[in-house]
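As structure tokens, the structure follows; a few thoughts come after it.
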């Protein structure tokens, strides 16, 4: 199967971004978002290899909207094996890498960060939700997470977003949230908030 990804080099003094798209997206979708949030940072963007209802995604859902956990487990392993291989290829510092995930991609990423031993300690999640219970969630020490939510979102309920917040805090992550009154879309205020949070976090550039 062909691997679809895009690498855009940048200032190597800055932390690289790992961009993970939402349902129906491609490796190109979040490149403008990454450039807005961190204009000079290197960007690695990967396309999910699953196809459901004709659209790319990182893992499949069942008809009732719940995650297919067997598929999720397999695709999580594939994704982070791929990330590891590409970080070596492009000589990127995985420990400094910042995850920028939207919806499906962000959901996979934060669950993986709470259930696997991964090097990532910074994540910006646009419209994420819990994928279900996590037994003893654990994030890497000093993990910072920013997450957004739309109060009129037809895909992510307030309960699903609240449950994810609880899991992140139980995993001892430092969480910042942003809420707007729109749906599953991204808006400018949201992107500006994400950019400011990242700049203030100190994670983008080592002092």
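In my numbering, the protein residues as written are 10 to 216. Note that the Cβ used here is the ideal one computed from N, Cα and C, for glycine as well. Keep in mind the model is a prediction, meaning the values are calculated, not measured.
| query | result |
| --- | --- |
| Beta-carbon proximity of residue 157 to residue 187, cut-off 8 Å | yes |
| Inter-residue Cα distance where the pair is residue 98 and residue 106 | 15 Å |
| Inside the region 110 to 195 only - alpha helix (DSSP H) runs reaching at least 4 residues | 113 to 124 and 167 to 179 |
| N- and C-terminal bounds of the beta strand (DSSP E) containing residue 66 | 64 to 66 |
| Residue range of the beta strand (DSSP E) that includes residue 16 | 14 to 17 |
| Residue 84 - DSSP class collapsed to helix/strand/coil | helix |
| Identity of the residue in 59, 23, 212 and 110 nearest residue 79 by Cα | 59 |
| Any non-hydrogen atom of the ligand SAM closer than 7 Å to residue 11 Cβ | With respect to the ligand SAM, the structure offers nothing, as it holds no ligand at all. |
| C-beta contact flag for residue 14 and residue 55 at 8 Å | yes |
| Local Cβ density within 10 Å of residue 161, reported as buried at 16 or more and exposed below that | exposed |
| Pick from 170, 20 and 53 that is closest to residue 184, judged by C-alpha positions | 170 |
| Segments assigned beta strand (DSSP E), at least 3 residues, entirely inside the region 16 to 46 | 26 to 29 |
| Burial state of residue 137, where buried means 16 or more other Cβ atoms lie within 10 Å | buried |
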